[in-house]
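Visitor:
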Amino acid sequence: MAKGAEAFRSIGEAATLIGVAPHVLRYWETQFAALKPMKRPDGRRYYRPGDLDLVAGICALLRDDGLTIRGARKLIDQDRGESVRRRGAAQLAAPALGDAALPDPIPADEERLPMSDDLPRQSAIPMPPSAPLDHAPQPTAWLVRLTQITRHLQQITPADPRWPAVRPVALRLGQAMLRLG
Numbered sequence: 001m002a003k004g005a006e007a008f009r010s011i012g013e014a015a016t017l018i019g020v021a022p023h024v025l026r027y028w029e030t031q032f033a034a035l036k037p038m039k040r041p042d043g044r045r046y047y048r049p050g051d052l053d054l055v056a057g058i059c060a061l062l063r064d065d066g067l068t069i070r071g072a073r074k075l076i077d078q079d080r081g082e083s084v085r086r087r088g089a090a091q092l093a094a095p096a097l098g099d100a101a102l103p104d105p106i107p108a109d110e111e112r113l114p115m116s117d118d119l120p121r122q123s124a125i126p127m128p129p130s131a132p133l134d135h136a137p138q139p140t141a142w143l144v145r146l147t148q149i150t151r152h153l154q155q156i157t158p159a160d161p162r163w164p165a166v167r168p169v170a171l172r173l174g175q176a177m178l179r180l181g
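Everything in the sequence shown is counted per UniProt numbering, starting at 1 for the first residue and increasing by one.
(1) I'd like the span of the alpha helix (DSSP H) that includes Arg-73, first residue to last.
(2) If you follow the beta strand (DSSP E) that Arg-87 is part of, which residue opens it and which one closes it?
(3) Sort Gly-81, Arg-70 and Leu-17 by Cα distance to Tyr-47 and report the nearest one.
(4) If contacts are defined as beta-carbon pairs under 8 Å, then Leu-25 and Val-55 qualify, I think. What distance do you get, rounded to the angstrom?
(5) Given this structure, state the Cα-to-Cα distance separating Ala-7 from Pro-49, to the nearest angstrom.
(6) Quick check on this structure: which residue in Leu-146, Thr-147, Arg-45 and Leu-35 has the alpha carbon closest to the alpha carbon of Arg-9?
(7) Ala-100 by DSSP, collapsed to three states: which one?
(8) By how many angstroms is the C-alpha of Leu-146 removed from the C-alpha of Gln-175?
(9) Rounded to a whole number of angstroms, what is the C-alpha to C-alpha distance between Arg-70 and Leu-61?
(10) Is it the case that the Cβ atoms of Ala-34 and Gly-88 are separated by a distance below 8 Å?
(11) Provide the residue(s) that pair with Tyr-46 in DSSP beta bridges, ordered along the chain.
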């Protein structure tokens with residue numbers, strides 16, 4: 001039975017819902033004064049709906065926008081986190097990754113694109129020193145999308161009727177993730 005939107009969530013449930021590990025939520029509590037989940041006398045944390053909205057908004061700022069913690073903290077301080085909460089609520093209200101979002105498997109007889117190991121390596125170009133930024137580089141949205149697809153593919157088991165079509169994609173994705181790691 002699923003919990004209602006107004007239900008309190010444990011740290012594990014909140015972490016799963018947002019897509020981070022529980023220790024990340026504990027760390028964010030130390031970094032963001034606005035994030036104060038309710039704590040029981042035994043020390044267990046319970047996230048209220050407003051806390052979940054804030055956490056989802058913080059996650060979007062850090063992952064999607066590439067802000068640093070310092071930059072996110074400044075943004076939260078501007079309006080006591082209301083804009084970040086609204087963004088988080090929109091993130092949580094967005095539909096979850098559905099079957100239509102799965103990539104189509106490539107037929108075996110179709111020519112494949114070169115893998116990263118097949119491409120020639122380029123030498124690193126020395127970059128001039130620059131001032132530290134409050135805003136990190138942007139290319140994190142693809143990583144979030146890749147993580148969502150990976151989680152979705154991990155939920156499909158060999159007993160699932162979609163397994164034969166998804167298996168080649170899952171294997172290629174797993175190999176790519178191993179090369180990145």
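Beta carbons are placed, not taken as given, at the ideal position from N, Cα and C, and that holds for glycine.
Guide: Checking against the coordinates, here is how it stands:
(1) Here residue 73 is taken as the residue at index 73 of the sequence shown, counted from 1. Where Arg-73 is concerned, the enclosing alpha helix (DSSP H) stretches over 69 to 79.
(2) Translated into the one-based positions of the sequence shown, residue 87 becomes position 87. Careful: Arg-87 lies outside any beta strand (DSSP E), inside the alpha helix (DSSP H) at 82 to 93.
(3) Counted from its first residue, the sequence shown places residue 47 at position 47. With respect to the C-alpha of Tyr-47, the residue from Gly-81, Arg-70 and Leu-17 having the closest C-alpha is Leu-17.
(4) The count along the sequence shown starts at 1 and reaches residue 25 at position 25. The count along the sequence shown starts at 1 and reaches residue 55 at position 55. Contact holds; Cβ gap of about 6 Å.
(5) Numbered from its first residue, the sequence shown carries residue 7 at position 7. Numbered from its first residue, the sequence shown carries residue 49 at position 49. Answer to the nearest angstrom: the Cα atoms are 7 Å apart.
(6) For this step, residue 9 is matched to residue 9 along the sequence shown. With distances taken between Cα atoms, Arg-9 lies closest to Arg-45.
(7) Walking along the sequence shown from the start, residue 100 turns up at place 100. Only weak support exists for where Ala-100 lies, its pLDDT of 45 falling under 50; the coordinates are left without a value.
(8) Indexing the sequence shown from 1 puts residue 175 at position 175. Indexing the sequence shown from 1 puts residue 146 at position 146. Their backbone Cα atoms lie some 13 Å apart in a straight line.
(9) Residue mapping note: residue 70 aligns to position 70 of the sequence shown, counting from 1. Residue mapping note: residue 61 aligns to position 61 of the sequence shown, counting from 1. One C-alpha to the other measures close to 11 Å.
(10) Position 34 of the sequence shown, counted from the first residue, corresponds to residue 34. Position 88 of the sequence shown, counted from the first residue, corresponds to residue 88. Their beta carbons are not under 8 Å apart, which means Ala-34 does not touch Gly-88 by this criterion.
(11) Counting from one through the sequence shown, the residue named residue 46 turns up at place 46. In the DSSP output, where bridge partners are listed per residue, Tyr-46 has Ser-10 and Met-38.
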